[in-house]
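Peer 1:
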Amino acid sequence: MPAIPPSRLVALQTKAENIRNICILAHVDHGKTSLSDSLIATNGIIAPKMAGKIRYLDSRPDEQLRGITMESSAISLYFSMMRRQKDDEEPKQEEYLINLIDSPGHIDFSSEVSTASRLCDAAVVLVDAVEGVCSQTVTVLRQVWIEKLKPLLVINKIDRLVTELKMTPAEAYSHLGRVLEGVNAVIGGFFQGERAQEDLEWREKLDQRRAAREQQKQDALNESATEADIDQSYEERDDEHLYFAPEKNNVIFGSAIDGWAFTVRQFAGIYEKKLGIRKSVLENVLWGDFYLDPKTKKVLGQKHLKGRNLKPIFVQLVLEPIWQAYDATVGINGDRGDPALLEKITKSLSINIPAHIARSRDTKVILQAVMSSWLPLSTALLVSVIEYLPSPPNAQASRFPEMIQDLVSSKNIDQSLKDSIINFNTSPSAPVVAYVSKMVAIPESELPSKRRKLGTTLTADEARDLARKKRAEIAKAQAEANGTSDMDSVTNGLSTTRIGEETEEGTAPEQPEDPEHLIGFARLYSGTLSVGDEVYVLPPKFNPAFPHASPQPRKVPITALYLLMGRSLEPLEKVPAGVVFGIEGLEGHILKTGTLCSQVEGAINLAGISSLSQPIVRVALEPTNPLDLNKMIKGLKLLEQSDPCAVYEQMESGEHVILTAGELHLERCLKDLRERYAKCDIQPGEPIVPYRETIVKAEEMEPPKNKDLPRGTALAVTASKMVSVRLRVRPLPQNVTEFLIKNGPSIRRLYAEKQAQEENESGTLNDANGVETDEAADLGNDTGGDHRSNLSLLQFRQQLQEVFDEVTEDKEVWAKVVSRICDFGPRRVGPNLFIDATGQHTCKRFLFEQHEIKENGAQSGTQGAGSADTTAPAQDFSDTIAYAFQLATSQGPLCREPMQGVAVFLEDIVQQSQAQESADSPAAAETGRLTGELITSVRETIRSAFLDWSPRILLAMYSCTIQATPEVLGRVYSVLTRRRGSILSEALLEGTPYFTISATLPVAESFGFSEEIRKRTSGLAQPMLKFTGFEMLDDVDPFWVPKTEEELEDLGVHGERENVAKRYVDGVRRRKGLLVKGPRGGRDAEKQKTLKTN
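All residue numbers for the sequence shown refer to the UniProt record's numbering, where the first residue is 1 and numbers rise by one.
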């Protein structure tokens, strides 16, 4: 097919009904990019025979070398087909624009999946026919469910069933059925989870209505009738439309590498005339327990077989012809193929194989020619995309009503804005709403304004320069891949220089400056956007209820718009709603994501998206040449903007730290820094892994430090003896800690709303949010939850109370805690509680609305009127003590890592009366000095009370999924065991020789793990690591020493067994420059006691 000019694609952008925005999602190595190649070949961009080999959308050199996708790429494709609008009408030629986004499958780059899915209306989900549902398959299906995308399932790599596993058509049919059931089971799990939540909410509403009716004393008949109606409306929802079934035409079977695919509808059209059965009937019986009677040519159900041994109709009419084609070309049982059978097949299918292909010695080429002519992949997939998946107007009408309701402060969003998005208003007067999912760095030389226009020819000198650059790039990539020396690269460079080509003297060997430009990866939902328009950029934390809160939205002019074409960009003048496009002019205004809107009052914030992978690995960076420090900092800032998951921080110690999702992500970031963004040599330090500190109530603990006070209680007295604070530290129940970690996004959202409300009322801006905004990236508790599970203040309070009610131990301590919670920590959103146990409203209550706080404050004021000496100072120092709590929980006593699962009770505050009578120093200076003393003493007291319990160190953990053959299982287990991994399960994948191993692995032990697994198993096992949270290792106290008689007898006085927890704690303390109490240099000589004396 000839190449499609960009002008033709631009013309189709105005026909919203003929646009499809789709993303391709799958586990790593399941064939996404090969599938994309087949679709790109239909537009003449690459040759059809190169599809699956060139991997066009993998535009980075390291993507080509590694063979995996690392960045999501978008391309616009043209497709034309004959289509009937109605059954009784004549088919008409229709032209369609398909905006395709190819996304990575590796867990380290799953943030790219988040950015791709928000821009699309539907998803094509690939599953390997042999491996079935893998860990990332579940992840991408969850993302599809969260974003309410309509999915289309492609069961890819069916050729592996034929050539690798040597299955018969009947065995393959059973195996495909199991793969389909596995995918549907995942969807069913999501549905059941959502239904359970709806059931809980429905029951709560029912209880509220029941209580209201009891108060109004309504009669019982009305009550029962209403309950019956509620029951009936609750049970009406059906989940049949959610599942994949070939008869619904939402399942495609194929092989992207061999260039073929089919749907049940295609074969129904092929056999309609031969069997004399209507196409609609055949579509429903080609898949399932249906059989074809060879004599009567009638379709029979399983109960009408009457003992006859017939093959399922799918095996007989679909799989057997495909197996024959493979047998005739490549040979299934090790043969070279059957030329006679091949000739028979080509004649029956009316396929003409070109002579040069027929003479080819590569049987794979012949197979691809036959299969792509008979069952072209692009036709099967694109026809299904157009007929089954929704256009932007239909998708927005179905997706957005519920999505908008789940957004932050949805009640404050302008109704006209909501209607414009849902009704897909594209008029120039309609409000503009666009979502920028990520920023992409593009070299200036690749921008259309700097690039040579299409159709113009290069001069001879330009062609030589371009060829020289390309050869140098290829030589450099090969040298990096092969590990060749610098001398080899010099030799390669000399060999590419021809005689007669003079080089200018005095020119530096470095490439000329080619600055990076940040282009937004965006989707327009409403209105029309043109170059030169000015729109407001809403930050991710924008709240429609407080539109002018800090940071205030800025109005930014749009400098350029682009059509995304994979490796290139094409300029646009304007963009209508429903289109995925590139946008320039947002550099410096959007860090990673943001919403563009034509108004601020009542604006909508679409940036409520959560990344699937959290940055967990920290690395300190420094330039090899100190003079390059500014270049490195500039490059780090550019990397942070262009990578959805990378985070750059400058520590208090002056270190420049980058946070990444994993080891492979770190490698990519360092390569980008050296070669693109900083363009200088950078030296990375040792990877830094986060830990958590907690306390437990162990059976054997040291006696309390202060025997007169209960365990965990301590007094904080300032240096001037003016203020004393009594605190008590307790371990939080495990279920409460898990609830707080799970609902971290809800706490963050509640805190942001509360702060915005306070700022709005007081009219002053507070810097406290800066801490949460800048540092919340590495809380480490977020494992990629559903952002729509955010709870309101009332819901959070009720659910937290229910969790506390489930606690059985020390029930009286936790009975009324929820109403007295003043703060969460660290950074105001962590899984630690600060609780006011003074009996008065000394500190502000976090889980109360503003009007409730005022009412409670008024009540406490009247109650404490007689004790002004005690309550007034407590009011003054409540914020100071809360700040000290934040500091203490952000750096625990073991190794200055954040705490988790700790409750701090404020029991009493006493201030000496002399503090108010001091006249030697001004009041402001006295208060400032006292505040500093109080922060220090309270922080150290909390740490001291923490050590009154049995402390524990929590390790960041990966969940590890490995698929391996039986021959290498022992090697996999030996690597896991040596790195302190624990095996959770091992299961044989039914119908295949592969085992699926599930394990947990400490992040601290994971560096080099993937490489070691590949080396030890010769590439037969590939691990997938996903961060799951923090877990206790072996339940060991870092300060444990042998004490009991049994321990002393087994381990000796010095404890011969290594304390693993202490090793991790000492490693962190050593890295941070803290005091490490090492083992003694030598031991006293001990005489060996034996029965005999020499």
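Glycine residues also receive a C-beta, built at the ideal position from the N, C-alpha and C atoms.
Whole-angstrom Cβ separation of ILE519 and VAL440, contact assumed at under 8 Å?
Peer 2: ILE519 to VAL440, Cβ: 5 Å. Contact.
Peer 1: Could you give the residue range of the beta strand (DSSP E) that holds PRO6?
Peer 2: Taken as a continuous stretch (DSSP letters only), PRO6 belongs to no beta strand (DSSP E), being part of the alpha helix (DSSP H) at 6 to 12.
Peer 1: Thinking C-beta only, is ILE22 closer than 8 Å to VAL124?
Peer 2: Yes, the Cβ-Cβ distance between VAL124 and ILE22 is below 8 Å.
Peer 1: Measuring alpha carbon to alpha carbon, tell me which residue in THR163, LYS679, LEU77 and VAL689 is nearest LYS364.
Peer 2: Closest option to LYS364, Cα to Cα, is THR163.
Peer 1: Alpha carbon to alpha carbon, how far is SER76 from LEU97?
Peer 2: Each residue's alpha carbon lies about 7 Å from the other.
Peer 1: If you scan the stretch 25 to 90 from start to end, which runs of the beta strand (DSSP E) of 3 or more residues do you find wholly inside it?
Peer 2: Counting whole runs of 3 or more residues, the stretch 25 to 90 contains the beta strand (DSSP E) stretches 73 to 83.
Peer 1: Pull up the CB-CB distance for SER38 and ASP159, whole angstroms please, since I reckon it's below 8 Å.
Peer 2: Going by Cβ atoms, the distance from SER38 to ASP159 rounds to 14 Å, so no, they are not a contact pair.
Peer 1: Taking 8 Å as the cut-off, does the stretch 1028 to 1046 touch the stretch 675 to 686 (at least 3 CB pairs, one atom from each stretch)?
Peer 2: With the cut-off at 8 Å, the stretch 675 to 686 and the stretch 1028 to 1046 do not touch.
Peer 1: By Cβ distance below 8 Å, which residues in the same chain neighbour ASP1034 in space, the five residues on each side in sequence not counted?
Peer 2: Closer than 8 Å at the Cβ level, and outside the excluded window around ASP1034, lie VAL1060 and ALA1061.
Peer 1: Just the Cα atoms here: how many angstroms apart are ARG1063 and ARG1071?
Peer 2: Taking the straight line joining both Cα atoms gives about 12 Å.
Peer 1: Rounding to the nearest angstrom, what Cα-Cα distance links VAL537 and ARG1014 in this structure?
Peer 2: Rounded to whole angstroms, VAL537 to ARG1014 spans 46 Å at the Cα level.
Peer 1: Between ASP207, ALA47, GLU387 and ILE616, which has its C-alpha nearest LYS248's C-alpha?
Peer 2: If we check each option's Cα against that of LYS248, GLU387 comes out closest.
Peer 1: Have a look at the DSSP bridge pairing and note the partners of ALA714.
Peer 2: ALA714 pairs with LEU727.
Peer 1: Starting from the Cα of LEU989, find the closest Cα among THR694, LEU57, ALA964 and GLY830 and give me that residue.
Peer 2: Of the listed residues, the one whose Cα sits closest to LEU989 is ALA964.
Peer 1: Compute the Euclidean distance between the alpha carbons of SER420 and ASP239, then round it to the nearest angstrom.
Peer 2: If I take the Cα positions, the gap works out to 30 Å.
Peer 1: According to DSSP, is TYR994 part of a helix, a strand, or is it coil?
Peer 2: It is coil, neither helix nor strand.
Peer 1: What is the residue span of the beta strand (DSSP E) that residue 1099 lies within?
Peer 2: No information on residue 1099 is available, as it lies outside the stretch 1 to 1094 that the chain covers here.
Peer 1: Tell me which residue opens and which closes the alpha helix (DSSP H) that GLY825 is part of.
Peer 2: Careful: GLY825 lies outside any alpha helix (DSSP H), inside the beta strand (DSSP E) at 821 to 825.
Peer 1: Tell me the rounded alpha-carbon separation between TRP374 and SER437.
Peer 2: Distance between the alpha carbons of TRP374 and SER437 is about 39 Å.
Peer 1: Following the continuous beta strand (DSSP E) through GLN963, name the residue where it begins and the one where it ends.
Peer 2: 950 to 964 is the span of the beta strand (DSSP E), which, as asked, contains GLN963.
Peer 1: Tell me which residues share the same chain as GLN650 and place their Cβ nearer than 7 Å to its Cβ, disregarding the 5 neighbours each side in the sequence.
Peer 2: Here the set comprises HIS656.
Peer 1: Taking 8 Å as the threshold (C-beta atoms), are LEU242 and PHE314 in contact?
Peer 2: No. Outside cutoff.
Peer 1: Who are the near neighbours of GLY602 in its chain, counting only those whose CB is closer than 7 Å to its CB and skipping five residues on each side?
Peer 2: Cβ within range, chain order: ASN412, ILE413, ASP414, LEU417 and PRO544.
Peer 1: DSSP has PHE424 in a bridge; who is on the other side?
Peer 2: DSSP lists no partner for PHE424.
Peer 1: For LEU732, which residues in the same chain have their Cβ closer than 6 Å to its Cβ, ignoring the five residues on either side in sequence?
Peer 2: Taken in chain order, the residues that qualify are GLY901 and ALA903.
Peer 1: Buried or exposed: which applies to GLU534, given that a residue is buried once 16 or more other Cβ atoms fall within 10 Å of its Cβ?
Peer 2: So GLU534 ends up on the exposed side.
Peer 1: Note down the Cα distance separating ARG209 from VAL807, rounded to an integer number of angstroms.
Peer 2: Their Cα atoms are separated by approximately 28 Å.
Peer 1: With 16 as the cutoff for other CB atoms within 10 Å, does LEU25 come out buried or exposed?
Peer 2: Buried.
Peer 1: Do GLU1012 and VAL975 come within 8 Å of each other at the CB atom, strictly closer than that value?
Peer 2: Their beta carbons are under 8 Å apart, which means VAL975 touches GLU1012 by this criterion.
Peer 1: Closest to ALA987 by C-alpha separation, out of GLY331, GLY1029, ALA999 and VAL817, would be which residue?
Peer 2: Closest option to ALA987, Cα to Cα, is ALA999.
Peer 1: Just the Cα atoms here: how many angstroms apart are THR871 and THR115?
Peer 2: Note that THR871 scores 39 on pLDDT, short of 50, meaning its location in the model is unreliable; the coordinates nonetheless yield the value given after this. Approximately 51 Å, taken between the alpha carbons.
Peer 1: Which term fits HIS548, buried or exposed, when burial requires 16 or more other beta carbons within 10 angstroms of its beta carbon?
Peer 2: So HIS548 ends up on the exposed side.
Peer 1: Look at the Cβ atom of ILE4, then the Cβ atom of GLY44, and state whether they are nearer than 8 Å.
Peer 2: In this structure, GLY44 lies closer than 8 Å to ILE4 by Cβ.
Peer 1: Measuring straight from C-alpha to C-alpha, what distance separates ARG980 and ALA1004?
Peer 2: Rounded to the nearest angstrom, the two C-alpha atoms are 10 Å apart.
Peer 1: To the nearest angstrom, report how far apart ALA211 and PHE796 are at their CA atoms.
Peer 2: Straight-line Cα distance between these residues: approximately 21 Å.
Peer 1: Can you give, in chain order, each stretch of the beta strand (DSSP E) that sits fully within the stretch 295 to 356 and has at least 3 residues?
Peer 2: Those beta strand (DSSP E) runs which fall completely within the stretch 295 to 356 and span 3+ residues are 299 to 301.
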